[in-house]
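Asks: Residue numbers (full-length UniProt numbering): 1 to 286.
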Amino acid sequence: MEEPLETFLSKKPFTRREFVVTALAAGFALAVRPAFGELLTTDAGGLTAGEVKIPAKGGEMPAYRAMPEKGGGFPVVLVVQEIFGVHEHIKDICRRLAKRGYLAVAPELYARQGDVSKMADTQEIFKVVSRVPDAQVMADLDAAADWAGKSGKGDLKRLGITGFCWGGRIVWLYAAHSPRLKAGVAWYGRLVGQASDLQPQHPIDVAAKLKAPVLGLYGGADTGIPIETVERMRQALKAAGGGSEIVVYPDAPHAFHADYRPSYRKEAAQDGWKRLQAWFKKHGVA
């Protein structure tokens, strides 16, 4: 029998490392420069936006947050990075959410393991990312949510999460981990894999244990995530009940929402963004 994620976290705490990255990247990650695609840019007019420090195990975790300049009690959305870290694209997603009334916060989730923003070789990036324990990520996301609530601006009764690529996988895991979460939206996150000490379970293993409904957005032409695994996850979710759903865009490749990359597909990206907003509204994150 698979061990529940929360049981694993309680039995095998991750090493309490100090942070080696103390500030976010400026602009785009080196591995994705120069940026291509349509390169959507959201201005910060009417927003409070910028880098913040979030207390977490081992020190202070750098993060980007954006929210409306006036008011408070905003629904909170945790934004989970791609493998390239919290660079300009992830920051822009936070501003897009803030323009719609959210407090969006994107913590740098492998700040203890290394600064991938300055790495041009994706294989070197993978080496850093492979050292990031799921337990660490769950705890750091909890810390980011706590920070949003304690700021006096965020309403944790309306907590959501969205993530892309590496972060898409994390969305599924966090939905199995956090009892506070209301809803999640996972963009093309890996669903299956080999279990290891750092990654004891994958989304397919927790499909029946989700504490909040997740909307999965996937590309039918994604060469890194076989459609067979997407269908397996869809059937597992159907068997479990709970209201989670998966949408597949048949001709879309991996990273179809990444408007700064050649993989961007405008129609699928815009449709997925509309679905994200509707999903959050439907499930109380609005």
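C-beta atoms are modelled at their ideal positions from N, C-alpha and C, and glycine is treated no differently. Values in this document were obtained by computation on a predicted structure and should not be read as measured data.
Hey, residue 153 and residue 67 are a contact pair by Cβ (cut 8 Å); roughly how many whole angstroms apart?
Replies: Position 153 of the sequence shown, counted from the start, is the residue given in the question as residue 153. Position 67 of the sequence shown, counted from the start, is the residue given in the question as residue 67. The Cβ separation is near 6 Å, so the contact holds.
Asks: Under a three-way DSSP split, which group does residue 197 fall into?
Replies: What you label residue 197 is simply residue 197 of the sequence shown in a count that begins at 1. It is coil, neither helix nor strand.
Asks: Starting from residue 120 and walking both ways along the beta strand (DSSP E), at which residues does that stretch end?
Replies: For the purposes of this step, residue 120 is taken as the residue at position 120 of the sequence shown. Unbroken run through residue 120: none, as it is neither H nor E.
Asks: Let me check understanding here. Comparing Cα to Cα, which of 53, 129, 211, 32 lies closest to residue 199?
Replies: Taking the sequence shown and counting its residues from 1, the one referred to as residue 199 is at position 199. Residue 199 has its Cα closest to that of 129, out of 53, 129, 211, 32.
Asks: What does a CB cutoff of less than 6 Å around residue 72 pick up in its chain, not counting 5 residues either side in sequence?
Replies: Against the sequence shown, residue 72 aligns to sequence position 72. Only 153 meet the Cβ criterion.
Asks: State yes or no: is the C-beta of residue 164 within less than 8 Å of the C-beta of residue 51?
Replies: Indexing the sequence shown from 1 puts residue 164 at position 164. Indexing the sequence shown from 1 puts residue 51 at position 51. Cβ distance not < 8 Å, so residue 164 and residue 51 don't count as in contact.
Asks: Is the beta carbon of residue 185 less than 8 Å from the beta carbon of residue 206?
Replies: The residue you call residue 185 lines up with position 185 of the sequence shown. The residue you call residue 206 lines up with position 206 of the sequence shown. In this structure, residue 206 does not lie closer than 8 Å to residue 185 by Cβ.
Asks: Between which two residues does the alpha helix (DSSP H) holding residue 331 run?
Replies: Because the chain is modelled from 1 through 286, residue 331 falls outside the range shown and cannot be assessed.
Asks: At 4 residues or longer, and completely inside the segment 42–102: list those alpha helix (DSSP H) runs for me, N to C.
Replies: List check, alpha helix (DSSP H) in window: 88–99.
Asks: For residue 11, does the count of other Cβ atoms within 10 angstroms reach 16, so buried, or fall short, so exposed?
Replies: By 1-based counting over the sequence shown, the position of residue 11 is 11. Here the model assigns residue 11 a pLDDT of 47, short of 50, so the residue's position is not dependable and the matter cannot be decided.
Asks: Secondary structure at residue 249, three-state DSSP: helix, strand or coil?
Replies: Here residue 249 refers to the residue found at position 249 of the sequence shown. In this structure, residue 249 counts as strand in the three-state DSSP scheme.
Asks: Residue 183 lies in the beta strand (DSSP E); which residues open and close that run?
Replies: For this step, residue 183 is matched to residue 183 along the sequence shown. First-last of the beta strand (DSSP E) with residue 183: 181–187.
Asks: Could you have a look at residue 302 and say whether DSSP puts it in helix, strand or coil?
Replies: Nothing in the structure corresponds to residue 302, since the chain is present only between 1 and 286.
Asks: Could you pull out every residue in the same chain whose Cβ sits closer than 8 Å to the Cβ of residue 111, ignoring the five residues on either side in sequence?
Replies: The residue given as residue 111 occupies position 111 in the sequence shown. Closer than 8 Å at the Cβ level, and outside the excluded window around residue 111, lie 19, 20, 21, 22, 61, 62.
Asks: Applying the 10 Å Cβ sphere with the 16-neighbour rule, what's the burial state of residue 3?
Replies: Within the sequence shown, residue 3 is the residue found at index 3, counting from 1. Low local confidence applies: a pLDDT of 47 at residue 3 is under 50, so the model's placement there is unreliable, with the coordinate-based value given in what follows. Exposed is the call here.
Asks: Count the C-beta pairs between the segment 137–154 and the segment 86–105 that are closer than 8 Å, then say yes if the count reaches three, no if not.
Replies: With the cut-off at 8 Å, the segment 137–154 and the segment 86–105 touch.
Asks: Can you confirm whether residue 246, when its beta carbon is compared against all beta carbons of chain B, has any partner nearer than 8 Å?
Replies: Going by chain labels, chain B is absent from the structure shown, which holds only one protein chain.
Asks: State whether the segment 246–254 contacts the segment 207–226, with contact taken as three or more CB pairs (one from each stretch) at a distance under 8 Å.
Replies: Yes: at least three Cβ pairs fall under 8 Å.
Asks: Beta-carbon within less than 7 Å of residue 180's beta-carbon, same chain only, minus the 5 sequence neighbours each way: which residues are those?
Replies: Position 180 of the sequence shown holds residue 180. Closer than 7 Å at Cβ, skipping near neighbours: 145, 156, 159.
Asks: Could you check where the alpha helix (DSSP H) with residue 141 kicks off and where it finishes?
Replies: What you label residue 141 is simply residue 141 of the sequence shown in a count that begins at 1. Segment 134–150, the alpha helix (DSSP H) holding residue 141.
Asks: Do three or more CB pairs link the segment 132–149 to the segment 38–56 at distances below 8 Å?
Replies: Short answer: they touch.
Asks: The beta strand (DSSP E) that contains residue 218, what's its start and end?
Replies: Here residue 218 is taken as the residue at index 218 of the sequence shown, counted from 1. Taken as a continuous stretch (DSSP letters only), the beta strand (DSSP E) holding residue 218 covers 214–219.
Asks: Excluding the 5 residues flanking residue 275 on each side, which residues of the same chain have their C-beta closer than 8 Å to its C-beta?
Replies: Translated into positions along the sequence shown, residue 275 becomes position 275. Taken in chain order, the residues that qualify are 185, 215, 217, 247.
Asks: Closest by CA to residue 176, which one among 149, 135, 268?
Replies: Counting from 1 along the sequence shown, the entry for residue 176 is found at position 176. The option with the nearest alpha carbon to residue 176 is 135.
Asks: Can residue 117 and residue 258 be called in contact, C-beta distance under 8 Å?
Replies: Locating residue 117 in the sequence shown gives position 117, where the first residue counts as 1. Locating residue 258 in the sequence shown gives position 258, where the first residue counts as 1. Cβ distance not < 8 Å, so residue 117 and residue 258 don't count as in contact.
Asks: Which residues bound the alpha helix (DSSP H) around residue 168?
Replies: On the sequence shown, residue 168 is found 168 positions in, with the first residue counted as 1. Note, residue 168: alpha helix (DSSP H), 166–177.
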